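Undergrad: Pasting a structure below so you can have a look.
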Ligand code: LLP
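Residue numbers (UniProt numbering): 40 to 466.
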């Protein structure tokens, strides 16, 4: 986060507020999100892609009413992938035409709601869905703008669970073998659909632009096939999200303008060579916009040294507020933030309070050897896929999200209470 500093007394300040004060006011664990940083990242993406492209923020990374309003104010569009995300977006006032609806198994009810609301586009993910969306649109007297999601066969260099462009997986229709071309054929025949273009998402936490370039190249190849077969020039290609961020200092992320330049060059060049009008490009960054803007603040509870090996530091949250370490072997860093310390560094594993040994927040890190119960530690870069993937495992109460801005702090998603848990338990 851009506005993090260490105050003279040693405590870290965020947006002008000492973390010790934040902990007193909002409790721990809690996520603190830097609103100015979030807005700056939205603008960086919008500026990088300019007027001939659209940026859709991927709501799955983190979504709340306040965040939707910030997106709206910054002129971004929004990608949602469930009825719940759609409801949040609409409730917060995001204009429906700026919403894209994704998912490999949208329910009939979800599709009906999306079409009735007038979402700008639905991304079709299967042969069944092509027919389903067409029928629903027709029965509502609409012609729904759609994209077809294809798998381009790129091996993205990322964790298997978040790589999505190889063919052996649940998303999309394969370019190879002609599924994608057949999907286009079917979609063009249906009156309820206005086929705007092709969508591809190759995966997440990707650091080099070459995978996106190969995807763009193959998608343009399909546009050319479609033109040759049907005489139709599709007007849009969406190249998905996936740009990686720095979780630790070892990561070297690309900037939005680098990816924008790479994509517009390759699409422009290849379309010209094929005699196609250059389509509008869109992208769907989630993590790259919201990930770096938040950190999680924890209080240290117990400390267990294992001589010659490492020290286990237990904090008051864990896999219920950050599942990414357990799920993807994700790497995070951690820092003591409530005071300064000159003590020697000690090798630690930061773990949570859940009932399993895989409940790890930060696998390997260094913290000062004088670390003590009651100290506050912060784990940076938890804005994406942490609160949005949080669970109630062990009946944990999901932490609040607090927006920090100009020396002020405001809860945008409140902490869960035991009453919240018990309200659902009606037996
Ligand atoms: N567009 C589509 C169609 C997607 O499926 C995704 C992510 C995105 C955009 C946004 O990707 P991003 O720019 O945030 O990488 N839970 C995992 C990531 C799964 C992402 C799934 N789809 C994680 O914690 O790393």
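For every residue, glycine included, the Cβ atom is placed at its ideal position computed from N, Cα and C.
The model shown is predicted, which means the values in this text are computed figures rather than measured ones.
For residue 191, which three-state DSSP category applies?
TA: As a working mapping, residue 191 is identified with position 152 in the chain shown. In the structure shown, residue 191 sits in coil (DSSP, three-state: anything other than H, G, I, E or B).
Undergrad: Less than 7 Å separating the Cβ of residue 164 from some heavy atom of the ligand LLP?
TA: The residue you call residue 164 lines up with position 125 of the chain shown. For residue 164, the shortest C-beta to heavy atom distance toward the ligand LLP is 7 Å or greater.
Undergrad: Is any heavy atom in the ligand LLP found nearer than 7 Å to the beta carbon of residue 429?
TA: Here residue 429 refers to the residue found at position 390 of the chain shown. Checking the Cβ of residue 429 against the ligand LLP gives no.
Undergrad: Could you pull out every unbroken alpha helix (DSSP H) segment of at least 4 residues lying fully inside the segment 220-276, listed in chain order?
TA: 249-269
Undergrad: Report the three-state DSSP secondary structure of residue 433 (helix, strand or coil).
TA: As a working mapping, residue 433 is identified with position 394 in the chain shown. Note: residue 433 maps to helix in three-state DSSP.
Undergrad: For the segment 394-413 against the segment 68-83, are there 3 or more C-beta pairs whose distance is under 8 Å?
TA: no
Undergrad: How long is the line joining the alpha carbons of residue 364 and residue 172, rounded to whole angstroms?
TA: Translated into positions along the chain shown, residue 364 becomes position 325. Translated into positions along the chain shown, residue 172 becomes position 133. So the two alpha carbons sit approximately 37 Å from each other.
Undergrad: Assuming residue 166 contacts residue 225 (C-beta within less than 8 Å), just tell me the rounded distance between them.
TA: Translated into the one-based positions of the chain shown, residue 166 becomes position 127. Translated into the one-based positions of the chain shown, residue 225 becomes position 186. Confirmed, about 7 Å.
Undergrad: Enumerate, from N- to C-terminal direction, the unbroken beta strand (DSSP E) stretches of 3 or more residues contained entirely within the UniProt domain "Orn/DAP/Arg decarboxylase 2 C-terminal" (336-422).
TA: 349-354, 384-390, 399-407 and 415-419
Undergrad: Is the beta carbon of residue 101 closer than 8 Å to that of residue 334?
TA: In the chain shown, counting from the first residue as 1, residue 334 sits at position 295. In the chain shown, counting from the first residue as 1, residue 101 sits at position 62. No; because the gap between Cβ atoms is not below 8 Å, this pair is not in contact.
Undergrad: Return the bridge partner residues of residue 104 from the DSSP annotation.
TA: The count along the chain shown starts at 1 and reaches residue 104 at position 65. Answer by DSSP bridge pairing: none, since residue 104 is not bridged.
Undergrad: Could you please give the first and the last residue of the uninterrupted beta strand (DSSP E) stretch that includes residue 447?
TA: For the purposes of this step, residue 447 is taken as residue 408 along the chain shown, with counting starting at 1. Segment 447-452, the beta strand (DSSP E) holding residue 447.
Undergrad: Between residue 62 and residue 438, how many whole angstroms is the CB-CB distance? I'm expecting something under 8 Å.
TA: Position 23 of the chain shown, counted from the start, is the residue given in the question as residue 62. Position 399 of the chain shown, counted from the start, is the residue given in the question as residue 438. About 12 Å separates the two Cβ atoms, so there is no contact after all.
Undergrad: Straight-line CA distance for residue 245 to residue 290?
TA: In the chain shown, counting from the first residue as 1, residue 245 sits at position 206. In the chain shown, counting from the first residue as 1, residue 290 sits at position 251. Residue 245 and residue 290 have their C-alpha atoms some 10 Å from each other.
Undergrad: Among 428, 457 and 444, which has the Cα closest to the Cα of residue 98?
TA: Working through the chain shown from its first residue, we reach residue 98 at position 59. Measuring from the Cα of residue 98, the nearest candidate turns out to be 428.
Undergrad: With distances taken between CB atoms, is the gap from residue 319 to residue 377 smaller than 8 Å?
TA: Within the chain shown, residue 319 is the residue found at index 280, counting from 1. Within the chain shown, residue 377 is the residue found at index 338, counting from 1. Going by C-beta atoms, residue 319 is not nearer than 8 Å to residue 377.
Undergrad: Can you tell me whether DSSP reads residue 44 as helix, strand or coil?
TA: Mapped onto the chain shown, residue 44 falls at position 5. Strand at residue 44.
Undergrad: Since residue 59 is in the alpha helix (DSSP H), which residue starts that stretch and which ends it?
TA: As a working note, residue 59 is residue 20 in the chain shown. For residue 59, the enclosing alpha helix (DSSP H) begins and ends at 58-65.
Undergrad: Cβ of residue 250 within 7 Å of any heavy atom in the ligand LLP?
TA: The sequence position of residue 250 within the chain shown is 211, counting from 1. Checking the Cβ of residue 250 against the ligand LLP gives no.
Undergrad: What is the DSSP secondary structure of residue 317, counted as helix, strand or coil?
TA: Taking the first residue of the chain shown as position 1, residue 317 is located at position 278. It is coil, neither helix nor strand.
Undergrad: Where does residue 208 fall in DSSP's three states?
TA: Locating residue 208 in the chain shown gives position 169, counting from the first residue. Correct three-state label for residue 208: coil.
Undergrad: Per DSSP, what are the beta-bridge partners of residue 78 in this structure?
TA: Residue mapping note: residue 78 aligns to position 39 of the chain shown, counting from 1. DSSP output for residue 78 lists no bridge partner at all.
Undergrad: Could you have a look at residue 171 and say whether DSSP puts it in helix, strand or coil?
TA: Numbered from 1 along the chain shown, position 132 holds the residue referred to as residue 171. If DSSP states are grouped into helix, strand and coil, residue 171 belongs with the helices.
Undergrad: With distances taken between CB atoms, is the gap from residue 233 to residue 152 smaller than 8 Å?
TA: The residue labelled residue 233 in the question sits at position 194 within the chain shown. The residue labelled residue 152 in the question sits at position 113 within the chain shown. Going by beta carbons, residue 233 and residue 152 fall outside the 8 Å limit.
Undergrad: Give the straight-line distance between the Cα atoms of residue 408 and residue 287, rounded to the nearest whole angstrom.
TA: To locate residue 408, count along the chain shown from 1; it is residue 369. To locate residue 287, count along the chain shown from 1; it is residue 248. Cα to Cα, residue 408 sits roughly 21 Å from residue 287.
Undergrad: Below 7 Å, is the gap between the Cβ of residue 402 and the nearest heavy atom of the ligand LLP?
TA: As a working note, residue 402 is residue 363 in the chain shown. Because no heavy atom of the ligand LLP lies under 7 Å away, the Cβ of residue 402 does not count as near it: no.
Undergrad: Residues in the same chain with beta-carbon distance under 7 Å from residue 111, minus the five sequence neighbours each way, listed in chain order, please.
TA: On the chain shown, position 72 is the one that residue 111 refers to. These residues qualify, in order along the chain: 132 and 133.
Undergrad: Return the residue from the list 331, 159 and 261 that minimises the CA-CA distance to residue 176.
TA: On the chain shown, residue 176 is found 137 positions in, with the first residue counted as 1. The residue with the shortest Cα to Cα distance from residue 176 is 159.
Undergrad: Report buried or exposed for residue 375, applying the criterion of at least 16 other Cβ atoms within 10 angstroms of its Cβ.
TA: Along the chain shown, read from residue 1 onward, the residue named residue 375 stands at position 336. Its Cβ being crowded by 16 or more others within 10 Å, residue 375 is buried.
Undergrad: In chain order, what residues of the same chain have a beta carbon less than 6 Å from the beta carbon of residue 371, not counting five sequence neighbours either side?
TA: Taking the chain shown and counting its residues from 1, one reaches residue 371 at position 332. Result list for residue 371: 286, 401 and 418, in chain order.
Undergrad: According to the Cβ coordinates, are residue 359 and residue 433 closer than 8 Å?
TA: Along the chain shown, one-based indexing puts residue 359 at 320. Along the chain shown, one-based indexing puts residue 433 at 394. In contact: residue 359 and residue 433 (Cβ atoms closer than 8 Å).
Undergrad: Whole beta strand (DSSP E) runs in the segment 86-140 with 3 or more residues, listed along the chain?
TA: 92-97, 116-119 and 138-140
Undergrad: Residue 69 lies in the alpha helix (DSSP H); which residues open and close that run?
TA: As a first step, residue 69 must be located in the chain shown, where it is residue number 30. Not the alpha helix (DSSP H): residue 69 falls in the beta strand (DSSP E), residues 69-73.
Undergrad: Using DSSP with H/G/I as helix, E/B as strand and the rest coil, what is residue 161?
TA: Looking up residue 161 in the chain shown gives position 122. Strand.
Undergrad: Could you tell me the alpha carbon to alpha carbon distance between residue 242 and residue 210, rounded to whole angstroms?
TA: As a working note, residue 242 is residue 203 in the chain shown. As a working note, residue 210 is residue 171 in the chain shown. Taking the straight line from one Cα to the other gives about 11 Å.
Undergrad: What's the gap between the Cα of residue 304 and the Cα of residue 452?
TA: Here residue 304 refers to the residue found at position 265 of the chain shown. Here residue 452 refers to the residue found at position 413 of the chain shown. Their Cα atoms are separated by approximately 41 Å.
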